[in-house]
Every structure is written in structure tokens, then in C-alpha cells.
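Enquirer:
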Amino acid sequence: MGKDMTRSITRQLLTETAETVLTRRYYLKDGQGNMLENWESLCRRVADAVAGVDRGQEDYETLREQFFTMIYRLDFLPNSPCLMNAGTDLGQLSACFVLPVEDSMDGIFTSIHNGALVHKTGGGTGYSFSRLRPKNSSVRSTQGVASGPLSFAAVFDAATETIKQGGKRRGANMGILRVDHPDIMDFITAKQDQSKFTNFNFSVAITDKFMEAAKNNQEYDLIDPSNRKVVCRMNAAKVFDKIVDLAWHNGEPGVLFIDAANRANATPQLGEFEATNPCIVGDTLVAVADGRGAVAIRQLAEEGKDIPVFCRNSKGGASVRMMRNPRITGYGKQIVKVTLDDGNSVRVTENHRFVLSDGRVKEAKELVSGDSLSLMTKREAPFEKIFSQSNSRSQTYCWLSTTDKPNWQPEHRLIANFYHRHQTGKNLDWNQVVHHRDYNGLNNNPANLEVMSKEAHYRLHSEDRKGDKNPMRRFPEKNWMNDPVKQQELRIRHHVGAKRSQATKERIGAATKLRFQDEAYRLRHTEAVQEGVALHQDNFLQGLQQRAQQKLAECQSMTDLRCFLDGNSVMVERRCEHCSELYTVSWSKREQSFCSKPCYVVWHNSNQAVRQKITDGIHATYAAKAEQTRRLQVECFLNLKFAQGQTPLKKDWESRCAEQGIPKRLGTEFGFPTYHALQEAAQTFNHRVVSVERDGIEDVYNGTVDEFHNFYIGHFLGEIDGDKSYSYINNLQCGEQWLLPMESCNLGSINLGQYVKDGAVDFTRLQQTVRTSVRFLDNVIDCNRFPIPEIGEMTRKTRKIGLGIMGLHDMLIQLELSYGDEDGRAASAEVMQFIRDEAEAASIALAKLKGPFPAWDPQHNHYPARRNAALTSIQPTGTVSMIADCASGCEPYFSVVTEKNVMDGDRFLMVNKHFETVAKREGFFSEVLLKKVAQSGTVLEQEEIPEKWQRIFRAAQDISPVEHILMQGALQASGVDSSISKTINLPSSASKEDVRESYLLGFELGCKGLTVYRDGSREGQVLSTAASTAKQTATVSSQGETQKQELPDVLSAKRYRLKDANGDRIYIIVCFDDNENPMEVFAKFPFDNRLDLKDKSTMWTTTCRLVSLALRCQIPMEEIIRQLDRSSGHMLDLPAQLGRLLKSFMAGTQKGFTSSCPECPGTLVFTEGCEVCRDCGYSRCS
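If you're matching positions, the sequence shown starts at 1 in UniProt numbering and goes up one per residue.
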């Protein structure tokens, strides 16, 4: 079918660059490197793999061909890992992953391990280092000091450097640090030396509060994340100036506006992004799952370890998850006391969030009297009290229930299951039981719990029943043989309802027989019967006949079926739905559709769907009705109890139920069996809030719970049916992580350049592609093989997708609109909003077919149920846009005419396809013009080009920073759920004030992040391009002699420390003038007095003197570095080290560099936050 489809569409022709990129990075190869596929077979491989998720659906074949067609035609392309790995053994299809970095050695190196697994499968990673304590802070476990986030970031960077992603993609990382972290200044300047952190892009997480302080030249707090203590204050304006300064020098760090991200969070119930911390006081007891029951959170913080705790899962039941880093989260915070209806109370910060019994969430300051809080209840009871129908006798165990899942669960099984899943990745199955090693059912310490099969458990207890281990001896209080009262109870229980013996039956039968042998009794009985029949027979029979006629008339009026009387019974004539034979049934069985049981059985057994539907319907109806009735009865009871201040009488409760239309009957299958059972259930349903009042100032604590982000606090003592019980209320943790941990992004981009027809956007075809793309990306989640199980779990929980765009500039050119004008922004925003609206419509429709994303909760998510929590983003498209031959993402073209280098040193011009078409059509195309545009880097001020087309073909550096940011702001406000990857390209002449204004404008427009890049500011192999600055030339006298530049009396200098190939240390000093022009280079050696190293010293000194002479004679630095590189034989020898040092020095000055591609003679350009080669597809970030 794939071949027929391919023949029915136009064969897609790819550019030479696209084929080069595909050959190098995407096409599958055999062991000898021979190509195994082409563009058509690659598209078929990807489409078949992703469509395979819907193999059982009716539209599978159609969907499969739609996927193939839109990829093959370059209308839509998924991210690179999907193109590379779909349909292969690797099967990892996501582009990027968010991994948490916890403030512990275990947490840090677990993240490094997980990152390595991600990079191995072709993904990129994002890390927030904001939780790591600052350098020189104390570490309790070692009595030492912390080395700080940057030292660990270096370990992450080194690990990434060693991993080649599936042989195709080099690891790339995003590193984030909050602006209020004490090490923020070190982080900002970390990449000033561009030889460090080469596998990271760094960004500062900036808050609205910081931006306001920066505008007003005010100070702000720096907070130690390990204890939330303010360690110092800094001037926000100076910090912002440093960010601007480094971004101007080399484009890093970028900025992320985290509060803007918070406001657009699609799943707030799963945690906020780097939110302020709602917290609890230190003596608050936390329900822990390590056998201790409940422990004060202050003690947990002092212990300094991660701890398993009980939490509320997505279905409302109790689960166990790990609380990370319990810690102090604030000093001297205002506390409120929440008093409950049983007299207990909790003390928390005003913004601490509680879960109500109906699933809603309220902050403490929003609670009002009567609010019902969600509970978890622990009960200590024997087996027979929990399951009254059981005839088992057992010791006492701990049982748990919650408001939403009132059925009792054994605590020891939940704890054992947590550790079992952590070790094996699987939950306990029905054939596995949990054994208490010390035979104490209340000791649920994990070390005391052993998972074994039922058979092994039976064998173990068989041995345990021998001798003194016999339960009758171990628990004498439960031995009925020692208790006369229990003996009497057993006698009564076994006597009532017992079967009669044969002797008893004979005795009763003899008495009955004797009575009927009495002749007088027989006569009296016979005469009475005969007299009654004779007196009333006629009237009785006549009444029966009249009633039968009335019934016949009534029945006939209610049906179209033929009715008749058979004696005094109304009968109905029907035709069998299976065999079509006529048959009759009584009126009461008129709905019977079959003449016989065999007919019914044949029909029923042949229709599996009907059987399943009937079964499911019955079960669901009964379960829903029973659950709803019981919940209404409990709520009515609790409302009355709260109003009266005491347990209500049964008659009062029945009266209130009658008033509110709630079923009040007990003992039915839809309600509680007894009023006592109702009262017992009410004890585990909720706690009512009585009051909320301020209660002083105190230090506060919190922790971070995996997956469900909540935990239970309280440990309030109570009693249920004579059993000791404890109740806990549910609350949400603080949300500190800017990105939800363990999420992945599944990305794809629509090529907007393909959707312009007759000078207008073809919205009809675009709509179809959007809807098909949403289905494609949603399927990717299901067929993806995630490198870490937790990533798969979280990704499937929110099912976020990132449907993006590329070729935006292509679209605008075809619409004859300028990228930098208001009309261009308006058209771009209209198209982006259309894509977002259609994507949501497709996701809503998909939710009806397959269900909404599992974490969707109408109490928190105030939008229609949809399949995906997030839908749109604008991501880097890099090599994908090269395959599609269009502009990257939402970026404008870097240039419309560029020079391409080929292996033999020749150069030829590459012309933008739209520019060539227009130039030839309008009559201004010429080779001379192309060379002028390539040399100048712009179409502006080219007399041959009409002004209209100069405006339309403005490239990235012709567009002002303000126009770049206005475009990003317009797109962000037009339906982009996630961030936008866009580079604000600035010319080499741009000032630091231009960078500052870019950041401020982006903040005001609500952008979630910004990256700026000044042309030539990145470290590379040559000086800035000819288009940005004229090449330097030496000054020559009239006699042909080179003039040596005079040195000023005072020069600034930078010192660099190097090591040569033998490990000997060398210091290089670069002196420069006020304009940052290097003038002299010196070498200093610790081994000047060592005779064995004198030759080495002489060589370094001579080389530095020659470089200094060349600099003073104004030989271009480009030429000096080129000669050093040509002389290099080893990466650590003298020319290589000196050349690399000079590049690093120049990269930190306003002179700047552009970079050459390491894989071809092409030049790297900076776009979408990364340097890429437009000739071969190489990217420093992938």
C-alpha cells in the first residue's frame, strides 16, 4: 500500500543540503556504513511505527497514509530522535527531558546516571541546579563544606562529553539557576571562559520581584535553598547589568521569566514552577512509611535523608512515595492555626494548601468554618474486624483508608509494594504476600517485611504452628478453650440454625401423625373446608373472571403485541428474535425476546459485545449507586453532627435525609448495613474546620514528594469500634521546580512555507495538517521507549506535546509581508492562534475517543477535557528545517545569499529560493548583485533591488532587536503553551544598552525566555565576518616597510594558566589597550631555573615575542591564529594552546568571532540559541 500511495503523489525532491544532512545523521546504515534507506523509506518507517499504536482502530490504514504523506511532502516533520529512531530497536522518540537534581550526593549522581541514559538514546536534558546548596555552606553528613552548583555542573558537563548519542547526536544540556541563589554571580560568569561548560546552555531563572527591584535600583534577598535562610542581599540592578554584560560578550546566560511560566502552567495540581514555599511548623507530624508511623518534620530535616511518606494518589487512595530533602524552608514566618472539629489543630503558613474532601484545594487563609478536609485514617484491628464475613482469626494489623477510597488497605502491603517496585520496577501481584518476620503485625519497618509467594507463606506458617509457636499458645487470650464466655458464644452460634438429627425428625413426625389419627379432629377440619367452598365458590370464580377481562383490556392498551386469556392469565404472542418462530409468554414476561433458553443462549454467546456491555453496565450501575448513596449519607450525618456539636440521633439523621431527598434506609445493598456502620464510616471521611487564626511567628519546614506532590500530616488519636485509630489530613507540598521533573517533550513542526496558495494562507489544508499532527504526536507518547521508567510515567500522566512551526519567514515572504513590520506580526499571530485553536479541538476530540490525559482534573484544570495538557510550542528546528529547506522555527533567514565552501577550497554562492524566484520574476537578478549581497550580508541599500523587496527580504541582522522581540511577544500571546526558542540577533555594533532594552521589552511583553546573540561574539576560528567588519590590514610606509605600533605607558592585562603536553604549568599574559586590542603576549614559567626545561622556556618565549611583534605591526589576529593552527601537531603543544588562548581572549572582547564548522568548510551561524552550519547540518547543541 505504501508503494501505491507514493506513486499517487508527486515524488519529493530534496535539496543537496537536505540529502547531505540525511545521509550523515538520519538514514539507517549497515555495519559497514552502507545506506539502507532513502527519504521515502525513512518516511514509511516513521509513519508505520507511529501509526502502529492505532492498529486496532477503524481508521488505522487511513491514518498511516496521512502520517506518511505529510512527512514525505515536508508539510510536517517530527523532531530528530523520532526521524532517527522510530521503527528501530532503540525506539526513543523524545527530544528533551527534564531531570530533577536533588541536594544530596545520591540525588546528584542519580541525575548524572539518568542523564547518561537519556543522552545515549538521543535526547537532550534540562537541569535546575537551584536546589543545590551554595559553595562553602556546611554539610551535616560529612562535617565539611559544599562545593556549590557549578562544581557539580562541571561533572554533568564532563559526563555528557563522553557520550555519543546513539552515534548520531552529541549530548546537550540546559542548566538553570534561580536569580536568588547565593552562587548566582558565579553562574552568570561561568561561561566567560568558553572552553568550559561546552555541553551546556546556561539560563538564569528571573522572577517578577527581581525585575522590579532591578528597575528601581533596589536590593533583593539571596536565599540558601538548603534551609531557606537569607544569607545576604545584593543590588538587583548590578546583577542585571552583569547578565547583560555577559550576554553582550558571548550570548550567555539567557534569561527565563519563571513567573510568566507559572501563570501559563497547564497542570497546576502537579506543582508550580519554582513557586514560593507553603510550609508547616517543625513539630507537625508526617505520616511516614518506614515503620515509625509519624515523625515530626523537624526531626526528618535534622536526619537529612530522603524518607518514604504516605500520599494521596491520582485516584484518591493512599500510596507511598519518596519525600526528597525534608528541610527548613523559611525563618520567622507568619503562622496560622487551623482548628478542627475534634479539637486537634495544625499550624502552617498562610499560603499552605489543603486538599478538601471534594478534591478542591484551598490555602489556609482561604479556609472557612465548616470546610471539609480530606482524610487518611489508620486503624489497628485484627483481620476479622475488617472483613466481618471472614472466619479467620488473626493478630492486630494496621489498616488505611481515605476519604475517596474508604475500603481498608493493609499498611504493610503498601510499604512493601513501594520498596518492591523500587527494586524490581513492578507492583506486587495477587500471588505475593507480605510476611512480618517478627510476627508482630504492627511492626511495619521495611526490614521486618518480607515478600514471598502464597505457597511459601503457607509452608512457613505450617512450620510456625508447631509446638510453642502454635497461635493457640502464642495468643492465649484468643484461645476459646481458656474462656468460658467464648465457649458459651460458640455453643449458641453452632446451635441456632443447626440441622436436625434423625431422632428429632422422627419425634416431630410421630407427633404430627398422632394428631391426624384423631377422628374428631379430622371430621371438624373436613366439614369446615367443604362448607366454605360451597358458600363462596360461585362468587369467587366470577370475581376471578371479571378481573381477568379487565387485566386483558389494560394490557392490550399498553402494547402492539396480541394479548389473550389462557384461563384467567393474560398471555402475549411474540416472535423469537433468534429463530423467528411464534411463541406465547405471560404478561409479566412480555419483554422476553426468545422462545426458549437454547435460542437465547445461542444469541447471547455469539455476541461478545452484548455480554460485556450487560456485565459492565450492571457492575457500574450498582457500584456507582452504592458509592453515591453512602457518600450522601455520610455527608448528611457529618453536616448534622457539625451543626449540633454532637453525634446526632438516628431519628434526627433520618429526618434530615428525608428533607434533603437522601435515601435513609439502612441494611440495603446501596447503603450502610447499620447506623453504627454509618458512624464508623463518618470517622474516616473528613475533618471539619472550626476556625483559622493567626498564631505567632515560627520557622517552617517542607519536603518534595515524588510524583503526587502531597503528603499526610496530623497523627490525631481516635477510636473506631473499640480499635485505636489515627487520622491525617492531606496537604500539598511546596512546588520549587521550574520544570516538572521527569517530563519529556515530544515535538514536531509544521512547515508554514507549504501553506501559501495564490498569495494567501490555505487555512483549510493547514487545519487538516494540524489535526493529523496532533494525532501523530499523541501516538508518539504511546510508542515511545523511554530511557527511565519514571519519565514514561510522568509523560503519560500529562501527555504534553509540542506542535510547533518552521518556515514562518518563508510564509511571510510569499505573502509579501516584512518580518519586522506590524503586518507581518499580525499575520504570524493569526496563523499561530489558528494552529492553537485547531490543535485544542483535535485534542478534545481525541479525548472523547481515547480519554483525557490522566492528570486532568476539572477542579484544577479549567478547560474542556482534552487528550494533552500542553499542545503548542515553538522549538529549535535546526537540521529538520534544513531537510525541509525553510527558515528555522520562527526565525528569519540569517542571509538570503551566502558563500558555501567545498572540500577543494572552491566557494560558490547559495541563493535563497524565494529571493531567486522574485529577482528573476522582477528582473533584477544578476551574478554581480548576488556577490554584492553575499559580501555585504544584506539586501538593504542595494540600488538594483526595489525598496519593497528590500523591506521583505530583510534578514536576521537587518531586523532591529525591538522588532525581533515584538515578533516573539506576538507569537507568545497567540496560543503558544510553552516557551519560544528564538534568538534576538544583534549586529556586531550593537551596544550593551541594546541587550538591556531587549530583556526589558521581553519581560514587559510576557515572554517566558530570551536569548540574545551579537554577531561575532562566540569563540571560533576566525575573526568577525567580512559583512560585519572590514578585515584588518597592516599599515605600510611609502618605502614599503611595515610600521610598528608604539606601546602606551600603561596596558591592561589578563593572565591565563595552561599545562603543556608534559603537564608542566605555564602562565600566559595578554596585554591590551583601552579598545581591547591585544598588543603583547608574554610567557612566565615556574621552572625558569631548571636547566632541563630551558629549551622549552626559550621556545615559548620566542614564540610569544613573534606574536607580540605581529600584533604591534597590526597583522590581523585572524591570520596569526590561522598560522598557529597550521603549525599545531597536538592539542596541547605550543601553537595549539596559544591559538586557543587567543581565541578565548578575543571572544570576550567586542571584536568577537564567527566560528567555522568542524565537519565541513562552512561557517556556523547562531540561531535558536545554538550555533549551526547551514552547509552540512552540524550543530553544537545536537
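The C-beta atom is built at its ideal place from N, Cα and C for all residues, glycine as well.
Are residue 750 and residue 76 closer than 8 angstroms when you measure CB to CB?
Expert: For this step, residue 750 is matched to residue 750 along the sequence shown. For this step, residue 76 is matched to residue 76 along the sequence shown. The answer is yes: Cβ separation under 8 angstroms.
Enquirer: Report the rounded CA-to-CA distance for residue 177 versus residue 133, giving the unit in angstroms.
Expert: Here the question's residue 177 lines up with position 177 in the sequence shown. Here the question's residue 133 lines up with position 133 in the sequence shown. Taking the straight line from one Cα to the other gives about 11 angstroms.
Enquirer: Beta-carbon separation of residue 122 and residue 70 under 8 angstroms?
Expert: As a first step, residue 122 must be located in the sequence shown, where it is residue number 122. As a first step, residue 70 must be located in the sequence shown, where it is residue number 70. Contact flag unset, no.
Enquirer: Should residue 357 and residue 374 be called a contact, given that it needs their Cβ atoms to be closer than 8 angstroms?
Expert: Counted from its first residue, the sequence shown places residue 357 at position 357. Counted from its first residue, the sequence shown places residue 374 at position 374. Contact flag set, yes.
Enquirer: Can you grab the Cα-Cα spacing for the pair residue 631 / residue 318, in whole Å?
Expert: Position 631 of the sequence shown, counting from 1, holds the residue named residue 631. Position 318 of the sequence shown, counting from 1, holds the residue named residue 318. Each residue's Cα considered, the two are about 18 angstroms apart.
Enquirer: Considering just the uninterrupted stretch of the alpha helix (DSSP H) at residue 918, what are its terminal residues?
Expert: Reading the sequence shown from its first residue, position 918 is the one you call residue 918. 913 to 922 is the extent of the alpha helix (DSSP H) around residue 918.
Enquirer: Does the distance from the C-beta atom of residue 250 to that of residue 237 stay below 8 angstroms?
Expert: Residue 250 sits at position 250 when you count from the first residue of the sequence shown. Residue 237 sits at position 237 when you count from the first residue of the sequence shown. Residue 237 is positioned such that its CB atom lies no closer than 8 angstroms to that of residue 250.
Enquirer: Which residue's Cα is closest to the Cα of residue 831: 1105, 117, 974?
Expert: For the purposes of this step, residue 831 is identified with residue 831 of the sequence shown, where counting begins at 1. Looking at the Cα atoms, 974 is the closest of the given residues.
Enquirer: Which one or two residues does DSSP pair with residue 566 in a beta bridge?
Expert: Here residue 566 refers to the residue found at position 566 of the sequence shown. 569.
Enquirer: Got a sec, what are the start and stop residues for the alpha helix (DSSP H) residue 725 sits in?
Expert: Within the sequence shown, the letter at position 725 stands for residue 725. Looking at the DSSP string, residue 725 is not in any alpha helix (DSSP H); the run it does join, the beta strand (DSSP E), is 723 to 732.
Enquirer: According to DSSP, which residues form a beta bridge with residue 809?
Expert: Start at 1 with the first residue of the sequence shown, and residue 809 comes out as number 809. Bridge partners of residue 809 according to DSSP: none are assigned.
Enquirer: Considering just the uninterrupted stretch of the alpha helix (DSSP H) at residue 829, what are its terminal residues?
Expert: Locating residue 829 in the sequence shown gives position 829, counting from the first residue. Segment 822 to 850, the alpha helix (DSSP H) holding residue 829.
Enquirer: Counting only runs of 4+ residues fully inside the UniProt domain "Hint" (277 to 377), write out the alpha helix (DSSP H) ranges in chain order.
Expert: 297 to 303
Enquirer: Where does residue 715 sit, in a helix, a strand or coil, going by DSSP?
Expert: Numbered from 1 along the sequence shown, position 715 holds the residue referred to as residue 715. Here DSSP, grouped into helix, strand and coil, assigns residue 715 to strand.
Enquirer: Compute the beta-carbon to beta-carbon distance between residue 886 and residue 753, rounded to the nearest angstrom, for a pair I have assumed lies under 8 angstroms.
Expert: Within the sequence shown, residue 886 is the residue found at index 886, counting from 1. Within the sequence shown, residue 753 is the residue found at index 753, counting from 1. Confirmed, about 5 angstroms.
Enquirer: What does the Cβ neighbour count give for residue 521, buried or exposed, with the cut at 16 atoms within 10 Å?
Expert: The residue you call residue 521 lines up with position 521 of the sequence shown. Residue 521 is exposed by the Cβ-count criterion.
Enquirer: Since residue 256 and residue 203 are thought to touch, with beta carbons under 8 angstroms apart, how far apart are those beta carbons, to the nearest angstrom?
Expert: Here residue 256 refers to the residue found at position 256 when the sequence shown is read from its first residue. Here residue 203 refers to the residue found at position 203 when the sequence shown is read from its first residue. Right, the Cβ-Cβ distance comes to about 5 angstroms (below 8 angstroms), so this counts as a contact.
Enquirer: Near residue 17, which residues of its chain fall below 6 angstroms by C-beta distance, leaving aside the five closest residues on each side in sequence?
Expert: The residue given as residue 17 occupies position 17 in the sequence shown. 882.
Enquirer: Is residue 484 buried or exposed, if buried means 16 or more other CB atoms sit within 10 Å of its CB?
Expert: Residue 484 sits at position 484 when you count from the first residue of the sequence shown. Exposed.
Enquirer: Going by the DSSP bridge assignment, what does residue 399 pair with across the sheet?
Expert: Residue mapping note: residue 399 aligns to position 399 of the sequence shown, counting from 1. Looking at the DSSP assignment, residue 399 forms a beta bridge with 379, 410.
Enquirer: Could you pull out every residue in the same chain whose Cβ sits closer than 6 angstroms to the Cβ of residue 1203, ignoring the five residues on either side in sequence?
Expert: The structure shown does not extend to residue 1203, since the chain spans only 1 to 1182, so no value can be given for it.
Enquirer: What are the start and end residues of the alpha helix (DSSP H) that includes residue 539?
Expert: What you label residue 539 is simply residue 539 of the sequence shown in a count that begins at 1. Taken as a continuous stretch (DSSP letters only), the alpha helix (DSSP H) holding residue 539 covers 519 to 557.
Enquirer: Using a Cβ-Cβ cutoff of less than 6 angstroms, which residues in the same chain neighbour residue 1209 once the five nearest sequence positions on both sides are dropped?
Expert: What the structure shows of the chain is the stretch from 1 to 1182, and residue 1209 is not part of that stretch, so it cannot be assessed.
Enquirer: Is residue 387 helix, strand or coil by DSSP?
Expert: Here residue 387 is taken as the residue at index 387 of the sequence shown, counted from 1. Residue state, collapsed to three classes: coil.
Enquirer: Is the segment 764 to 784 touching the segment 100 to 112 in the sense that three or more CB pairs, one from each, lie closer than 8 angstroms?
Expert: no
Enquirer: Throw me the rounded Cβ distance for the residue 844 and residue 864 pair, which I believe falls under 8 angstroms.
Expert: Against the sequence shown, residue 844 aligns to sequence position 844. Against the sequence shown, residue 864 aligns to sequence position 864. That belief holds up - the Cβ atoms of residue 844 and residue 864 are roughly 5 angstroms apart, short of 8 angstroms.
Enquirer: Can you grab the Cα-Cα spacing for the pair residue 353 / residue 347, in whole Å?
Expert: Counting from 1 along the sequence shown, the entry for residue 353 is found at position 353. Counting from 1 along the sequence shown, the entry for residue 347 is found at position 347. Their Cα atoms are separated by approximately 12 angstroms.
Enquirer: Please state the DSSP three-state secondary structure of residue 426.
Expert: Locating residue 426 in the sequence shown gives position 426, counting from the first residue. Coil at residue 426, not helix or strand.
Enquirer: DSSP puts residue 582 in a beta bridge; with which residues?
Expert: Within the sequence shown, residue 582 is the residue found at index 582, counting from 1. Looking at the DSSP assignment, residue 582 forms a beta bridge with 575.
Enquirer: For residue 41, tell me which candidate among 193, 28, 34 has the shortest Cα-Cα distance.
Expert: As a working note, residue 41 is residue 41 in the sequence shown. When each option's Cα is compared against that of residue 41, the closest is 28.
Enquirer: How would you call residue 155, buried or exposed, if buried means at least 16 neighbouring beta carbons within 10 angstroms?
Expert: Within the sequence shown, residue 155 is the residue found at index 155, counting from 1. Counting Cβ neighbours within 10 Å, residue 155 comes out exposed, since fewer than 16 surround it.
Enquirer: Put residue 998 into one of helix, strand or coil per three-state DSSP.
Expert: Here residue 998 corresponds to residue number 998 of the sequence shown, with the count starting at 1. Under the three-state reduction of DSSP, residue 998 is assigned to helix.
Enquirer: Considering only C-alpha positions, which residue in the set 645, 914, 688 is nearest to residue 812?
Expert: Working through the sequence shown from its first residue, we reach residue 812 at position 812. When only C-alpha atoms are compared, the closest one is 914.
Enquirer: Taking DSSP as the reference, what is the three-state secondary structure of residue 505?
Expert: Counting from one through the sequence shown, the residue named residue 505 turns up at place 505. Residue 505: helix per DSSP, three-state reduction.
Enquirer: Could you tell me which whole alpha helix (DSSP H) segments of length 4 or greater appear in the segment 98 to 178?
Expert: 105 to 120, 149 to 161
Enquirer: Using the C-alpha atoms, what's the distance from residue 715 back to residue 286?
Expert: For this step, residue 286 is matched to residue 286 along the sequence shown. For this step, residue 715 is matched to residue 715 along the sequence shown. Distance between the alpha carbons of residue 286 and residue 715: 8 angstroms.
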